[in-house]
Structure formats: C-alpha cells, structure tokens
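Residue numbers (the numbering used here): 11 to 96.
Structure (structure tokens):
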C-alpha cells in the first residue's frame with residue numbers, strides 16, 4: 011500500500027462487496043485490494059492458484075461489475091500471478 015500511495019495510485023484494502031439476490035442482500039465478500047476502483051487484487055500465499063481461487067475472484071467481478079482482477083501468489087520463489095477478465 012505504501013508504494014501505491016507514493017505513486018499517487020488510489021488503493022483500498024479489505025473492500026466490502028455486497029452480494030444481492032433478486033435485490034435482497036444475501037452476503038458480503040471482501041476484496042483484498044481495490045486499485046483505482048477498477049482492478050481487484052487478490053493476495054494469496056498458497057502452493058498453487060487453483061480453480062477455487064479463480065471462481066472466488068470471478069464472483070467478486072460479477073458482484074462489482076468490474077472486468078479485471080489479478081490473483082497474486084507470494085508463496086513461490088518467483089511471484090505467481092493469474093489475470094482474470096470477465
């Protein structure tokens with residue numbers, strides 16, 4: 011978050027995402043980081059990015075109406091990332 015601020019990039023942590031079903035609130039998700047109100051960053055520290063992580067991130071995109079998310083996995087020697095486009 012420090013680097014985002016230094017670069018003048020708006021970024022928010024643990025952003026609540028309200029989930030609706032037929033106009034009724036049925037739950038909330040929390041996006042790890044929302045950048046410029048356009049891109050969701052999901053931060054992971056797992057062995058591998060799996061289908062469940064992708065499905066979760068697609069749910070975030072659907073609930074927000076956003077089109078782009080990136081899953082970042084920091085558990086590997088080299089950063090693993092997955093771009094998700096809706």
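Note that CB positions come from ideal geometry on N, CA and C, so glycine has one too.
| message | Using 8 Å for Cβ pairs, my map puts residue 79 next to residue 50. What's the rounded Cβ distance? | response | 4 Å
| Local conformation of residue 47 per DSSP, three classes | coil
| Apart from the five residues just before and just after residue 46, which ones in its own chain have a Cβ nearer than 6 Å to its Cβ? | 20
| task | Please go through the region 11-80 and give each complete alpha helix (DSSP H) segment of 4 or more residues, from N-terminal end onward. | result | 12-16 and 61-74
| request: Please classify residue 89: does DSSP put it in a helix, a strand, or coil? | output: Reduced to three states, the DSSP call for residue 89 is coil.
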